[in-house]
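The listed protein sequences derive, respectively, from chains E, W and B.
Residues in the first sequence are numbered consecutively from 0, following numbering that gives the first Met the number 0.
Residues in the second sequence are numbered consecutively from 0, following numbering that gives the first Met the number 0.
Residues in the third sequence are numbered consecutively from 0, following numbering that gives the first Met the number 0.
Here the structure comes first, spelled out in structure tokens, and everything after it is commentary.
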Amino acid sequence: MKKSKKVLSLMLAMVMSVAVFTGCSKPAGETNDAAPTEETAATDDVTTIGFLYIGSKTDGGYSQAQHNGTMAVEEYFGDKVKTLIAENVSEDKQTVKSTAINMIDEGATIIIGTSYGFMDGLDELATEYPDITFLHFSGNKMNDTNFGNYFGAMEEPRYLSGIIAGMQTKTNKLGYVAAYPYTEVLIGINAFALGAQSVNPDVEVNVVYINSWNDPANEKSAAESLLAQGCDVITQHCDSAGPQLAAQDANALAIGYNLDNSAVAPGSFLTAPIWHHEKYLIPTIEKIIKGEYTPESYYGTMKDGYIGLAPMTDLVSAEAKAKVEEVQAQIAAGEHPIFVGPIKDNQGNVVVPEGETLDRAGIWSMNYLVEGVTGRDN
Amino acid sequence: MNFLKITKRDDLPPKKATAIRILSILLSLVFAGLVIAALGYNPITVFASMVKGALGSKIRLQQTVLKAIPLVITSLGILMAFKMKFWNIGGEGQIMMGALAATYVALKMPDLSRPVLLLIMAVAAMVAGGIWAFIPAYFKGKMGTNETIFTLMLNYIAIKFVTYLQYGPWRDPSSQGFPKIPSFSTNAILPSIGGVHIGWIIALLLVALVHIFINHTKKGYEITVVGESVETARYAGMNITSIIITAMFLSGGLCGLTGMIQASAIEKTLTSSLSANYGFTAITTTWLSRLNSIAILFVCCAFAVLLQGGAYIQISMQIPASVADMIQAILLFFVLGSEFFLQYKVNFHTHAKKEAN
Amino acid sequence: MEAVKAIEMKQISKDFGSVQANQNVNLTVYNGEVHALLGENGAGKSTLMSMLSGIYTPDSGSIFINGKEVDFSSPKDSIDLGIGMIHQHFKLIDVMTAKENILLGNSNEKGLFINNKELTKKIKAISDQYGLDLKPDKKVYEMSVGEKQTLEIIKVLYRGAKILIMDEPTAVLTPQEIQRLFAIIRNMKEQGCAIVIITHKLNEVMEISDRITVLRRGESIQTVETKGVEVPALIEMMVGKKVDLALNKTPATYAKKVLDVDNLWVSTKDNKHALENITFSLHSGEILGVAGVAGSGQKEICEVIAGLIPAEKGRIFFENENILGKTPRDIIRMGIRMGFIPEDRLGMGLVGSMDIVHNIILKDYHSQPGIFLHRGKSAEIAKKIVKQLDIQTPSIHYPIKKLSGGNIQKVLLGREIDSFPKVLITAYPARGLDIGASYKIYDLLNEQKEKGVGVLFVGEDLDVLMDLCDRIMVFCGGKMTGIVNPDEMTKEDIGLLMAGGTAEGGSNS
């Protein structure tokens, strides 16, 4: 009885074990530097690029925004580039590495990972595959040869969105649905709060952490609890449109993130801080193809066009629009830094003294919430 | 049920059994092929790409082996329990607790020499996984609790506990607030041979060891007897509680070792998604292996081919993950379904048949 | 006897894979007839009746009920035609009352609600009609075996059965209960029911049936009028050859006590007494029988001696040493061996999926040195036992569950005997065996007795107990109601003891 069961698996397994043992005959400790196989690398002028998304490319948020960038890349390069896309890649190394390696084996010479949790996996791969270029969104690791990272000064559009919220709130309570109390998130919260306070000193920001980047049900329920507390403008640092829909149901206003969701929640949507990934990707990929790329830690600004505000809807009041446009112009001209002292944290400590302005390193070592902000777990 | 009749088969000639199995695989391919075609892909290309994606190059093969290793070791652990008819579906939790213990050692003593550190990690992992399986075994032995529910629930406790550590006390202070546990020192990382970490050697060794243990030792014999008939074991004077507990400790210990290997060789840290469903997948593979440790090796390799092939076609053909999962599910459904037809006979009861008589 | 054919089965054949369970079987049963279906285990009786009750479908042949050809596709079809099957193992739900059990699964009930009064009335009518005695509101777990059987009968009658099939109905009853059952059967017969009794107990067949159909190896051998046939002729039809059924009982010597049980009490989990104040001695060279209706404490007395369950109080001396509190393994080492054949044969003592070697190794593997299992010696023993006891098996490496019942039991007994025990406890060793095989087992026990082994024999067939045993200890509800010499007692006397009476004579403990 058992014999027959084995037949199929036996054949497969035999092939495998033979291959494993031939693999062993190579000197131990050798790395997989000769990665792309001859058959796949043969196609001359086409560069294959692998993209790893944490969510689905139609998630209505973060990953969709990433994919918009990818589509712009495809359009720009046309036949010269072939993209491989892996969706729903979980943030453990076995998945990240196995997915990226499959891409490399399929001929990819550029791997772009678009979630912070992919960082360590990509870091290891960069050592194992020196001929492949790795770009990582939102990370802080890089090397001198083939591993760079990129991100944007999201504090700028966040600040602008804060201005709208500060001017349009009636209860002076703003709600913020956030993923984790993680630096990137804290920067966004603080920028938003400072923006709101710049036009409305009485405003307070209530933050709820949902401990997930993408959990539509939880995002929505967190927003509902904020609305119940009296918040009348909701914003978010998480992926789905849940908070905007919750606001719409409660006749409140919402500022999204990542994508222009004016069609998804027309009853609440004001605007959203959004990404223009192609502004970084297209020139960088061009450099890599030409062999001119040296790893950098890119930090795109509104001036670069890498980030910005989605078109403001009709729900945004005329005076708020005018104010935003005024400040936006200053920021784009480099005349309006976001974090300017004096800034106190919500414990009353002075974190940025009078007369100081935080630079990028200063911003990215933030571990506090500014005065007027309270945070809690959902 | 009037139109068909299901009767248990006494015994099936091996030839017929083989025929049913081959037929089930063919049918699954046909059926999966139809689904693939309906979705607008060429089935032949898809199947060929799956096989190529799993075995087609050295790198792909390594990927397949990487997936087979945790599956083999976890399946061996599950086998220990199933041999005793103790339905351990707590592999996930035992993997997690093993990984947790290994991580604790790796983070506390990062500077120990590599062999010593790895050895302590492995022992700690096996003990932790073992304890996680011992708990339901103890309660079953003493109070007759249902091990299925018990082990299942312990999975969630283990995973949530790791999540808690990841977000709380063990969070890496240098990760800008991102919830991750610090990475291991290089000494806590399993070395590689042939481009794959030495887990594959451990897995092969364990297959042999478990085979010898089950078939050639007194303890293994006792476990088998308890699994076949508790009453008989009692009549033979066996201490059933102690046998159950020993076997479950070994079962959990092997799962825990999987956790250590995955943490050390793959993640180089602990994450709440480390068990990657191996604890559940291993139930299927163990079952398909008919509780035979040698068969486990082959079934798990075949399964890894399926996993890697499925992952690969997502990349190479840009097929959505759901389609790849569906192909796997269809294959499994038919193969597992064939087990039913090996044990039962189905007659269609029609009046036409009677006239023919 | 009206000559209406209630059942007519013609040329029925049925196979299960390679096993031909029925081959061209013919059976005709008339209304108002008690028809015995006689045959050894595996002769195809149950298969044939399963086809009649719609559980299986015949491969070929035809079935007529009341003259009309039928084609059952499920047990429901059979029930609808008035066929009721009373299984050997009752299919009752313990926590429900008799009434609730009767209602259960009764698809003829219309409407949502149960008309309680109506139901009680109907049950009463049926009881009166057939002379049955049943309290409708009694819970099943409070019932005696006889009452449960009565309930099973009412259950099928309630569904309108006119054709009753009874599978080994007397197996669990005392002689008195058997008489009561026979009275009920005669009653039903007078009411025009057709009754088929499946059995292998010849004297009962002679007593109750009108006609007998003998099956052998799946074929119907002959149908005879009970009046015109003798027991030896029936046996010859069943076995296919003449069988010598004489048991050679040599007088016991009572020379030496090997086991002395003194004031022994055993309690169950729910704090009832499974055994109360049991005192007896077992001598070397005797066979001490244990009689009693099922569940009277037979299992407990075996298990407490083997060390498997604790005693509440009392003492058990084995060669002047109290063995209470010792582990089963210690007791095995001392030379006390037990073979208990449960109803499913394999449940205790043997591992069905293992071969003979691995079943033999079960009792002595722990005394082997080291951690590894050594099979060599057991393989030799296996070969020896197979040869000595004439066990039919393709090899010693063949899963024993694929052997016939007799051969399985020979393996069990062979293993226990091979270790030269001083005490051999054997419960139901001939359970389910055909006549030839049973007598081989009894011969084996006699052989052990002659070798000086003290044999405790728990049996269910009183005739066998009386033929085989030197003394018979009778249990009723956990109490010992007497130890009797079978040569001085009648079956009915022992039956009274089984039902709780006390011994009037013949005691010689």
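Backbone N, C-alpha and C fix where the C-beta goes; we use that ideal spot for every residue, glycine too.
Note that this is a predicted model, so its numbers are computed, not measured.
Contact check for A305(B) against I330(B) passes: the beta carbons are separated by less than 9 Å. Among the residues of chain W, those whose CB is under 7 Å from the CB of S352(B) are E227, following chain order.
In this structure, I254(E) places its C-beta atom within 9 Å of the C-beta atom of S160(E). Among the residues facing chain B, T245(W) is not included, as its CB has no counterpart in that chain under 9 Å away.
Restricting attention to alpha helix (DSSP H) runs no shorter than 4 residues, the region 154-226 of chain B encloses them at 174-189 and 201-207, ordered along the chain.
For P135(W), the enclosing alpha helix (DSSP H) covers residues R113 to M142. In the three-state reduction of the DSSP assignment, P272(E) falls in the strand class.
Taking 9 Å as the threshold, the shortest C-beta distance from L156(B) to chain W does not fall below it. In terms of beta-carbon proximity, L65(W) lines the interface with chain E, with at least one pair separated by less than 9 Å.
For E123(E), a Cβ of chain W is located within less than 9 Å of the residue's own Cβ.
A contact is defined here as three or more CB-CB pairs under 8 Å, and the region 45-65 of chain E meets this definition with respect to the region 249-267 of chain E.
Taking 9 Å as the cut-off, the Cβ atoms of M497(B) and T46(B) do not count as close. Proximity of Q93(W) to chain E, defined by a Cβ-Cβ separation below 9 Å, is not satisfied. Interface annotation for the region 40-64 of chain E against chain W: G49, criterion Cβ-Cβ distance under 8 Å.
The Cβ of Q93(E) sits closer than 9 Å to at least one Cβ of chain W. Under a 10 Å Cβ-count criterion, Q228(E) is classified as exposed, with fewer than 16 other Cβ atoms of the shown protein chains found around its own Cβ. For F133(W), the closest alpha carbon among the candidates A80(W), L60(W) and S228(W) is that of A80(W). Here M142(W) is exposed: its Cβ has fewer than 16 other Cβ atoms, across all protein chains shown, within 10 Å. In the DSSP assignment, Y279(E) falls outside any beta strand (DSSP E) and within the unbroken alpha helix (DSSP H) covering E277 to K289.
The DSSP-derived three-state label of I239(W) is helix. Annotated as distal: A136(W) and M237(W), with beta-carbon spacing of 9 Å or more.
Closer than 9 Å at the C-beta level to chain E, one finds these residues of the region 176-189 of chain W: G176, F177, P178, K179 and S182. Assigned with DSSP and collapsed to three states, F133(E) falls in strand. The alpha-carbon of I233(E) is positioned some 41 Å away from that of T108(E).
When C-alpha distances from K90(B) are compared across H34(B), I82(B) and V155(B), the shortest belongs to V155(B). Ranked by Cα distance from T284(W), the first of L256(W), L269(W), I88(W) and V115(W) is I88(W). Annotation for I11(B): N21, V24, P57 and G60 place their beta carbon closer than 6 Å to its own, counting only its chain and skipping 5 residues before and after.
When C-beta atoms of the region 274-285 of chain B are compared with those of the region 245-262 of chain B, three or more pairs fall below 8 Å, so the two segments count as touching. Spatial neighbours of Y175(E) in its own chain (CB-CB distance under 6 Å, excluding positions within 5 residues in sequence) are listed in chain order as I188, V204, V206 and T234.
With a 10 Å radius around the Cβ and a threshold of 16 neighbouring Cβ atoms, M152(W) comes out exposed. Between M472(B) and A290(B), the gap from beta carbon to beta carbon is short of 9 Å. Residues of the same chain with a CB within less than 8 Å of the CB of M259(W), apart from the 5 flanking positions on each side, are G97, A98, A100, A101, M120, A121, A123, A124 and M125 in chain order.
Using a Cβ distance threshold of 9 Å, V71(W) and A202(W) count as a contacting pair.
Assigned with DSSP and collapsed to three states, A246(E) falls in helix.
Residue environment: R374(B) is assigned as buried (16 or more neighbouring CB atoms within 10 Å of its CB, all protein chains considered).
Contact with chain W is absent for P309(B), since none of that chain's Cβ atoms lies less than 9 Å from the residue's Cβ.
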